[in-house]
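Student:
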Amino acid sequence: MNSPWQLQQAQRLIDSFHHWTGKTLIQTPEALFEAPFVVVSHGTDPDPIFNYGNRQALTLWEMDWEAFTQLPSRKSAEPVSQEERSRLLAQAKAQGYISDYRGVRISSAGKRFWIEDVILWTVLDEFNQPSGQAATFSTWKFIP
Numbered sequence: 032m033n034s035p036w037q038l039q040q041a042q043r044l045i046d047s048f049h050h051w052t053g054k055t056l057i058q059t060p061e062a063l064f065e066a067p068f069v070v071v072s073h074g075t076d077p078d079p080i081f082n083y084g085n086r087q088a089l090t091l092w093e094m095d096w097e098a099f100t101q102l103p104s105r106k107s108a109e110p111v112s113q114e115e116r117s118r119l120l121a122q123a124k125a126q127g128y129i130s131d132y133r134g135v136r137i138s139s140a141g142k143r144f145w146i147e148d149v150i151l152w153t154v155l156d157e158f159n160q161p162s163g164q165a166a167t168f169s170t171w172k173f174i175p
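The number in this note's numbering is simply the position in the sequence shown, starting from 1, with 31 added.
1. State buried or exposed for residue 36, treating a residue as buried only when at least 16 other CB atoms are found within 10 Å of its CB.
2. Using the beta-carbon count (16 or more within 10 Å), is residue 49 buried or exposed?
3. Would you list the residues sitting across from residue 157 in a DSSP beta bridge?
4. Using a 10 Å radius around the Cβ and a threshold of 16 neighbouring Cβ atoms, would you call residue 60 buried or exposed?
5. Taking residue 69 and residue 88 to be in contact with their CB atoms under 8 Å, please state how far apart those CB atoms are, rounded to whole angstroms.
6. What's the gap between the Cα of residue 136 and the Cα of residue 154?
7. Under the rule that 16 or more other beta-carbon atoms within 10 Å means buried, what is residue 159, buried or exposed?
8. With respect to the alpha helix (DSSP H) encompassing residue 64, which residues constitute its N-terminal and C-terminal limits?
9. Report the residue from 46, 150, 165, 142 whose alpha carbon sits nearest the alpha carbon of residue 80.
10. For residue 168, name the three-state secondary structure that DSSP assigns.
11. Between the alpha carbons of residue 41 and residue 53, how many angstroms are there, rounded?
12. Report the partner residues of residue 173 according to the DSSP bridge assignment.
13. Just reading off the alpha helix (DSSP H) that residue 117 is part of, what are its end residues?
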């Protein structure tokens, strides 16, 4: 995880998180990739594809970088959870960020897990324009 684009995207995530919440997510792009919590983001396309996942996210979803960054983000949620996910994405877009979300996600191997205490925020580019959305969480529980 050290292409110029990956580092730039990680910095956008860090800066945007601080912009909306006033809190520090982590200090550096390199530290973000290695963080013990999950961070993911997607772009602004109508059916956005993940464009960032740190090591913890890749492990949780059981994918490598190449596979993860080809996955439409809606496919990280079960079909029954997608309507709620869409509503929350719209709410975060309107407000800048939301916190305390929880929901069920599914790994590439079909393992279901609850994510809790999720913060979802709008990613801003270097011109302060929306360039996607991101989420972070440090609590998840696999569903038997």
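Note that CB positions come from ideal geometry on N, CA and C, so glycine has one too.
Tutor: Quick answer:
1. exposed
2. exposed
3. None; residue 157 has no bridge partner.
4. buried
5. 5 Å
6. 21 Å
7. exposed
8. 60 to 65
9. 165
10. strand
11. 17 Å
12. 144
13. 113 to 126
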